[in-house]
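Student: The structure's right below; bear with me while I get my questions together.
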Amino acid sequence: SGQPPGHARRKSGGRYANVASVIRQHRHDCLYIKITKLETITFNSVVPQVFSSTVQQLKSEIWNTEVTFRKGQLYLIEADSGKGKSTFCSYVLGYRHDYSGQVLFNDVPTSTFKVRDWVEARRLHISHLFQELRLFPELTAFENIVIKNKLTNFKSQEQIATWFEQLGIADKMHERIGRMSFGQQQRVALIRALVQPFDFLLVDEPISHLDDKNAAVMAEMMMKEAREQGAGVLVTSIGKHMDLPYERVV
């Protein structure tokens with residue numbers, strides 16, 4: 018036929034008629050949104066599906082309104098249990114999408130994000146201390162930190178060891194997480210959250226099992242790192258919260 022070997026001959030209505038369009042679509046699907054710095058996170062008329070039947074009765078500064086969180090600012094999100102604080106964190110992190118409205122990063126809807134976008138956002142721009150911690154119980158405290166740190170090699174082992182010392186758990190570095198108290202695990206989870214670059218740090222009820230002294234040490238350590246990175250911090254609470262100079266309470 019005069020065509021080079023391996024050439025996909027285009028025929029009207031034939032097997033190869035849509036090859037070009039399929040390739041174009043594949044390329045489109047593989048595109049990702051490059052974020053250099055995450056300056057703002059905006060919730061625009063976001064309503065979780067679980068609240069959709071009672072949307073008119075919602076009294077919230079987060080749901081069914083517009084709210085913007087800015088890099089470098091300190092926020093407290095305070096509400097009763099079951100009002101959606103952990104849900105809010107899941108929407109920011111892209112773990113859940115069961116909502117109406119829009120979540121925007123730098124005015125870009127996260128509904129347009131591909132898997133690669135979320136991977137990069139979580140690796141370089143947003144860090145999170147989970148309410149349920151999500152540590153690996155069969156690994157030691159130090160191993161839990163190293164797994165996270167190896168994604169970016171952001172912190173030295175010396176810095177990590179210093180944080181263990183400051184939080185009063187240096188003797189637990191090589192203890193399995195499953196053998197530690199929940200309060201000790203919360204301190205390990207904070208260290209894990211700090212061993213990456215971030216523009217925003219989300220901490221979901223971070224001191225629920227800590228006394229005031231340890232809570233104050235955690236707060237000081239967290240804010241020092243956030244200031245050094247110029248990051249925004251969002252703290253959620255059901256009442257007991259870090260004593261910090263919040264710029265906005267929602």
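Under the numbering used here, think of the first position of the sequence shown as 18, with each following residue one higher.
Using N, Cα and C, we set each Cβ at its ideal position, and we do this for glycine too.
For residue 116, which option in 81, 221 and 265 has the closest C-alpha, if you only look at C-alpha atoms?
Tutor: Among 81, 221 and 265, the Cα nearest to that of residue 116 is on 81.
Student: Looking at residue 95: is its Cβ nearer than 9 Å to the Cβ of residue 253?
Tutor: The answer is yes: Cβ separation under 9 Å.
Student: Would you mind reading off the limits of the beta strand (DSSP E) that contains residue 87?
Tutor: Per DSSP, residue 87 belongs to the beta strand (DSSP E) from 83 to 87.
Student: Could you check which residue in 62, 156 and 231 has the C-alpha nearest to that of residue 197?
Tutor: That would be 156, whose Cα lies nearest to the Cα of residue 197.
Student: From residue 213 to residue 166, what distance separates their C-alpha atoms?
Tutor: Taking the straight line joining both Cα atoms gives about 6 Å.
Student: Helix or strand or just coil, what does DSSP make of residue 198?
Tutor: Here residue 198 sits in coil by DSSP.
Student: Does the stretch 117 to 129 come into contact with the stretch 48 to 58, if we say contact requires no fewer than three beta-carbon pairs (one atom in each stretch) closer than 8 Å?
Tutor: Judged by Cβ distances under 8 Å, the stretch 117 to 129 makes contact with the stretch 48 to 58, as three or more pairs qualify.
Student: Report the rounded CA-to-CA distance for residue 135 versus residue 205, giving the unit in angstroms.
Tutor: C-alpha separation (whole angstroms): 24 Å.
Student: Can you list, in chain order, the residues of its chain with a C-beta nearer than 8 Å to that of residue 69? Leave out the 5 residues immediately preceding and following it.
Tutor: Here the set comprises 117.
Student: Determine whether the beta carbon atoms of residue 251 and residue 218 lie at a separation below 9 Å.
Tutor: Yes, Cβ-Cβ distance for residue 251 and residue 218 is below 9 Å.
Student: With DSSP as the reference, identify every bridge partner of residue 219, one or two as the case may be.
Tutor: Answer is 145 and 251.
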